[in-house]
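Contents: one structure, followed by commentary.
There are 2 protein chains.
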Amino acid sequence: MSETAKKKFQLWVEENHRDTLTLRFRVEKTLFSGESDFQHIDIVETTEFGKMLLNDSVVMISERDEFIYHEMISHVPLFVHPAVRRVLVIGGGDGGTVREVLKHPGVRHCRLVEIDPLVVEGCRKHIPLTAAALDDPRAEVTIGDGVEFVATTDERYDLVIVDSTDPIGPATPLFGPEFYGNVHRILEDDGIVVSQAESCLLEAEAQHSLIRILSGIYERVYVYNYVNMTYAGGLWSFSLATKAGLCPLVNLDEERVASSGIDFRYYNSRIHRAAFALPTFQAQALAPYLTPFGESRTP
Amino acid sequence: MSETAKKKFQLWVEENHRDTLTLRFRVEKTLFSGESDFQHIDIVETTEFGKMLLNDSVVMISERDEFIYHEMISHVPLFVHPAVRRVLVIGGGDGGTVREVLKHPGVRHCRLVEIDPLVVEGCRKHIPLTAAALDDPRAEVTIGDGVEFVATTDERYDLVIVDSTDPIGPATPLFGPEFYGNVHRILEDDGIVVSQAESCLLEAEAQHSLIRILSGIYERVYVYNYVNMTYAGGLWSFSLATKAGLCPLVNLDEERVASSGIDFRYYNSRIHRAAFALPTFQAQALAPYLTPFGESRTP
């Protein structure tokens, strides 16, 4: 094929934000494309970022940078809580969060509740880098509505991770007060809930709303930041809320990090602490809702 | 105009990385477009990010997020060095770095050496948010080649800021050893040089090369990270190299930060420290070249 012909036949996938900003990724081929009851799902082989999962044309993960998101959503709470045994992951059907959680030998059980079976099916088939973890004997995949699950389950968890998409479409209730009230109910007394908390720059309103809701329900609420390559808008955040007095800086167990033997690619103790240092504009906007750092109130 | 017609007449500007990743910004109108001896320059009014400057179709600054880059390239060294009086900025013809530098009342003189007069002309006319600072009586704009300037000047500086574009086109020599040898020559004994050090994810090779070069010339070399909204690839870095023993953590003057009265929007003491916490993959890649933190070697 001539260079001109090649140029003509380029394949790209595009994520569009409010028709004012788009990210486009060059694609070698489409691996999977399907319509579920909830959304359109695509898995493509990109030229630069490995395989990529998109829900309704929004990038969920790419093989090149998924380690950042998955390490930060998992290891931060797991090195703060003294002994996480039972973990609930809501969303995250790609399996990347479960993979990182299960790197902690103390974790006995990790339940994933994913609303969309097609996400799990597609990732199991095409992205074993993340989805292989779902076959671990300590992992249990439940296809169902996370909102309903936390409202009705009798189970109790040390850590709940809300690995959700943006608050549009099926994930909207995962950003609401009723959901977080039920998460509070199913957390052990020293439990932690960590959530995908949107971008403080591009989606500031969604972040403020989530943090406001959490601060009405949990004793302590914190925000920490990370950066990946394939999410638009630069700085993205997770929220971390605790039922009792655990503090993500005071209770960080650096010795355990150092001796864990986990093959971190992004996370480390310094990054853990640094992630809670917020830019001035973000700290000011969230000041009414965040817990200040300081002495642990744990007995 | 009908919605369909509007859709047809959308204007976008696009930054393309190696034909595998593009960022596109919706544009309301073009304000300035010109061809200089060095590059093509566009200033556009975007829908979401305010006015935006592009050199050869690469985003330099946008009004919405330029504060992040300009605060981080300036305030970090200015709060580490005990008393910066004379500053040299190479590149940065938009004026944003000069604006932040001049917020420090101790700075007596800030010379900007910009190779391309069209950048300065366009920004003076259309982006006063950054370029107005160039009219400050303490600022002096020199149109000329920064490489030649540092090779021939008799002046001496406390701080040199290399506010350059990517190492393609006119900025290539600003990433080379000869240039940094000459910067060393014109720095005072306790001088600092800070440079735009590319993305550790998307342009890792360019970053490694720069840090390797600096580590062969300067006593201490550090890297710190920041994130903005309009640069592709997520995490971006600055290098900080010192001639004598100043250390960006040990010598950070937090009292001076707190009492400066500067209207920071991104910077603060915690962000300053956090920026030097590198992700594991970056810390490992740069380990042979970076100075470890610790006791200051300053007498």
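Residue numbers (this note's numbering), protein chains in the order written: chain A, 1 to 299; chain B, 300 to 598. Ideal Cβ placement from N, Cα and C applies to all residues, glycine included. Values in this document were obtained by computation on a predicted structure and should not be read as measured data.
At least one C-beta of chain B is nearer than 8 Å to the C-beta of N228/A. Inclusion of Y523/B and A574/B in the CB contact set at 8 Å is warranted, their separation being smaller than that value. C499/B: not part of any beta strand (DSSP E); DSSP gives it neither H nor E. Residue pairing from DSSP leaves S559/B without any beta-bridge partner.
In the DSSP assignment, Y521/B falls outside any alpha helix (DSSP H) and within the unbroken beta strand (DSSP E) covering 519-525. Remark: C-beta atoms of L112/A and L129/A do not approach each other more closely than 8 Å. The beta carbon of H184/A sits closer than 6 Å to those of I217, all from its chain and outside the five residues before and after it, given in chain order. For I61/A, the pairing in a beta bridge is given by DSSP as L53/A. Assignment of T46/A by DSSP, reduced to helix, strand and coil, places it in the strand class.
Counting along the chain, K328/B sits inside the beta strand (DSSP E) bounded by residues 320-334.
Out of N182/A, S260/A, G91/A, A131/A, the CA that lies nearest to the CA of D154/A is found in N182/A.
DSSP, read as helix, strand or coil, puts F276/A in coil.
Contact annotation for G532/B against chain A: M229 [CB-CB distance below 8 Å, chain order]. Counting only the Cα atoms, R519/B lies some 53 Å from P117/A. D65/A counts as buried, since no fewer than 16 other beta carbons sit within 10 angstroms of its beta carbon.
Taking the Cα of H40/A as reference, the smallest distance to any Cα among R256/A, S260/A, G122/A, P173/A is reached at G122/A. A direct Cα-to-Cα measurement between A540/B and V493/B gives close to 6 Å. Interface criterion met: the Cβ of P279/A is under 8 Å from a Cβ in chain B. Assignment of F308/B by DSSP, reduced to helix, strand and coil, places it in the coil class. Within 7 Å of the CB of A274/A, the CB atoms of chain B belong to A573, A576, in sequence order along the chain. Counting other Cβ atoms within 10 Å of its Cβ, D94/A reaches 16 or more and is therefore classed as buried. With respect to L486/B, G445/B sits apart: the two C-beta atoms are not nearer than 8 Å.
Residue contact check for I442/B against chain A: no CB pair falls below 8 Å. Counting the other Cβ atoms within 10 Å of the Cβ of F563/B gives 16 or more, which makes it buried. In this structure, R85/A is the residue among R124/A, W12/A, R85/A with its C-alpha nearest to the C-alpha of C110/A.
By the Cβ-count criterion, E100/A is buried, with 16 or more other Cβ atoms from all chains shown falling within 10 Å of its own Cβ. For E14/A, DSSP records a beta bridge to R24/A. Annotation: I73/A has no Cβ neighbours in chain B at a cutoff of 9 Å; minimum Cβ distance is about 15 Å. Here S536/B is bridged, per DSSP, to N524/B. With a beta-carbon spacing of about 10 Å, I68/A and G96/A fall beyond the 8 Å limit used to define contacts.
When the five nearest sequence neighbours on each side are left out, the beta carbons in the same chain lying within less than 7 Å of the beta carbon of E254/A are those of S269, in order along the chain.
When DSSP states are grouped into helix, strand and coil, Y69/A belongs to the helix group. According to the DSSP secondary-structure assignment, E439/B is paired through a beta bridge with R410/B.
Contacts with chain B (Cβ-Cβ distance below 7 Å) from the segment 32-54 of chain A involve T47, E48, listed in chain order.
Beta-bridge partners assigned by DSSP to L159/A: V87/A, I192/A. Cβ atoms of L548/B and D489/B stay farther apart than 8 Å, at about 16 Å.
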